[in-house]
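The structure appears below as structure tokens.
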Amino acid sequence: EGPHRRLTLVSAPAGFGKTTLLSEWIAGCGRPAAWLSLDRGDNNPTRFLAYLVASLRAVAADIGEGVLGALQSPQPPPTESILTDLLNEISAVPDDFVLVLDDYHVIDARPVDDALAFLLDHLPPRMHLVIATREDPRLPLARLRAWDQLTELRAADLRFTPSEAAEFLEGVMGLSLSAEDIAALETRTEGWIAGLQLAAVSMRGHKDATSFIKSFTGSHHFVLDYLVEEVLQQQPESVQAFLLRTSILDRLCGPLCDAVLLDPSVSGQETLEYLEHANLFLVPLDDERRWYRYHHLFAELLRQRLHQGTASSTGDEVGGVAKLHVRASQWFEDNGLEVEAFQHAAAANDVERAERLIEGEGVPLYFRGTVAPVLKWLESLPKTVLDARPSLWVIYASVLLLVDHT
């Protein structure tokens, strides 16, 4: 159904196979296709339009002669005039065709966005535009969506299913894995194609695939290098700082991020909206776009970088991260989410706060479905800490009795 609409948008983070998918689709769609792979130099509107015309010549060899001449003149006519001439020539193409703009996320120039928006508003019916990008373009997507003129493919559509992961790992990467190992790896990577490929490359030479998969995290050097180079380092320093500091959270919302960061110059909600728009491995947890989480491998990378950066910048890795956890704990407590408040207090090694949250204001926390995390925390405490707070021994005994009776 896509080609019958004006635009197909393929928008997903790095490594989700956007270009490969489109190449295969073009090969089988039965329509002539023009393809333009963009780079940062194409933020120049004149260059962008010149390359656009050049790519269209794969469909119609003589298209855009006058347009190229106008672009090269000392005083080019207004952009809309040039685009109108180009649209008239496109309208004369006798067959339905597709134009693919790949890597549109490199475009950061409003004149280029405006030129493309003009083309979309006046697109001849025989032409279908496809955009592949790591972040949503500044185009009238809402209007196109309302007019039923937009087909969207997102990360959730591109991620491999368990059966697709099995076919890829066995057929393409040449691995022989059990169904359980494939399912575990698909879960670890959340169907992220680059993650599966990096895992497969890393797995070669490992005799115990099951153990490798269990240890495969965002801190694995292949995954780390890819995510750092292709994702993290492409962001402004302020966004990198936000990502690192909020990585302590299993789930995020705007007010919670504000409480953790304590930076009045940063809006948690606006930054989360930016991260979602930029496809930065942020997964919405509800339809209202209130709660989010990071992709598991990305979160692991961020946490590792947070610990490394805190240690190198402050000389106090534990203390720096602990402060973030305490702020998170306070926010969760203030908002009546005592389980998560306890978990962050425990992560901060704030024994006094954790004990107070376990005891609660009425029914102790471990009577409300949190026996396992409470017991795990108590078991992690040194005996000296328990001896220093006899009330913890009482809680410990109560939890053990509860476990024995369940």
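Going by UniProt numbering, the letters in the sequence shown line up with residues 1 to 406, in that order.
Here a beta-carbon is modelled for each residue, glycine too, at the ideal position from N, C-alpha and C.
Give me the residue from the options with the minimum Cα distance to residue i.
| i | options | result |
| --- | --- | --- |
| aspartate 103 | Trp192, Gln269, Ser11 and Pro32 | Ser11 |
| histidine 277 | Ser391, Leu232, Thr133 and His344 | Thr133 |
| alanine 54 | Leu386, Val100, Glu361 and Ala117 | Val100 |
| glycine 186 | Leu381, Glu167 and Pro32 | Note on identity: in this sequence residue 186 is glutamate, with glycine being the wrong assignment. Checking every option, the nearest Cα to that of glutamate 186 belongs to Glu167. |
| histidine 122 | Phe160, Thr161, Ala142 and Glu80 | Glu80 |
| serine 91 | Leu68, Ser73 and Leu119 | Leu119 |
| glutamate 379 | Thr370, Glu135, Tyr396 and Val130 | Tyr396 |
| alanine 241 | Tyr226, Asp263, Leu83 and Val223 | Asp263 |
| asparagine 349 | Trp393, Pro382, Gly15 and Glu359 | Pro382 |
| isoleucine 107 | Val339, Pro124 and Ser37 | Ser37 |
| valine 112 | Glu288, Ser73, Ala58 and Tyr51 | Tyr51 |
| tryptophan 377 | Val399, Ser238 and Arg290 | Val399 |
Taking all protein chains shown into account, do 16 or more other C-beta atoms lie within 10 angstroms of the C-beta of residue i, making it buried, or fewer, making it exposed?
| i | result |
| --- | --- |
| proline 390 | exposed |
| serine 312 | Note that serine 312 scores 47 on pLDDT, short of 50, meaning its location in the model is unreliable and no value can be drawn from it. |
| aspartate 181 | buried |
| histidine 4 | exposed |
| glutamine 233 | exposed |
| aspartate 42 | buried |
| alanine 346 | buried |
| alanine 33 | buried |
| arginine 305 | buried |
| asparagine 88 | exposed |
| proline 45 | buried |
| valine 130 | buried |
| alanine 27 | exposed |
| glutamine 197 | buried |
| alanine 156 | exposed |
| residue 488 | Nothing about residue 488 can be reported from this structure: the residues present for the chain run from 1 to 406 only. |
| proline 137 | buried |
| residue 408 | Any question about residue 408 goes unanswered here, given that the chain covers just 1 to 406. |
Do residue j and residue i have their beta-carbon atoms positioned less than 9 Å apart in this structure?
| i | j | result |
| --- | --- | --- |
| histidine 128 | valine 172 | no |
| phenylalanine 192 | proline 13 | With the sequence shown as reference, residue 192 is identified as tryptophan, and phenylalanine is not the correct amino acid for it. It is a contact, given that the beta carbons lie within the stated cut-off. |
| alanine 115 | phenylalanine 48 | yes |
| isoleucine 332 | leucine 256 | A small fix is needed here, since residue 332 is phenylalanine in this sequence, not isoleucine. Yes, the Cβ-Cβ distance between phenylalanine 332 and leucine 256 is below 9 Å. |
| leucine 141 | leucine 9 | yes |
| arginine 293 | aspartate 250 | yes |
| leucine 144 | lysine 18 | no |
Could you check how far apart the C-beta atoms of residue i and residue j are, in whole angstroms? I think they sit under 8 Å.
| i | j | result |
| --- | --- | --- |
| leucine 7 | leucine 150 | 5 Å |
| glutamine 343 | proline 373 | 6 Å |
| leucine 227 | leucine 301 | 5 Å |
| isoleucine 248 | alanine 328 | 6 Å |
| leucine 297 | threonine 210 | The pair is not a contact, with the Cβ atoms about 18 Å apart (cut-off 8 Å). |
| leucine 139 | alanine 109 | With 8 Å as the limit, leucine 139 and alanine 109 do not qualify as a contact, their Cβ atoms being about 13 Å apart. |
| valine 351 | valine 385 | 6 Å |
| glutamate 135 | asparagine 279 | 5 Å |
| arginine 126 | aspartate 148 | The Cβ separation is near 19 Å, so there is no contact. |
| threonine 170 | serine 163 | With the sequence shown as reference, residue 170 is identified as glutamate, and threonine is not the correct amino acid for it. No, glutamate 170 and serine 163 are not in contact; Cβ-Cβ is about 11 Å, not under 8 Å. |
So who's on the other strand from residue i, going by DSSP bridges?
| i | result |
| --- | --- |
| proline 284 | Tyr292 |
| isoleucine 131 | Leu9 and Leu101 |
| threonine 151 | Thr8 |
| leucine 36 | Leu101 |
| leucine 86 | According to DSSP, leucine 86 bridges with nothing at all. |
Is residue i close to chain C? Criterion is C-beta to C-beta, closer than 9 Å.
| i | result |
| --- | --- |
| leucine 169 | Checking the listed chains, one finds no chain C in this structure; it contains a single protein chain. |
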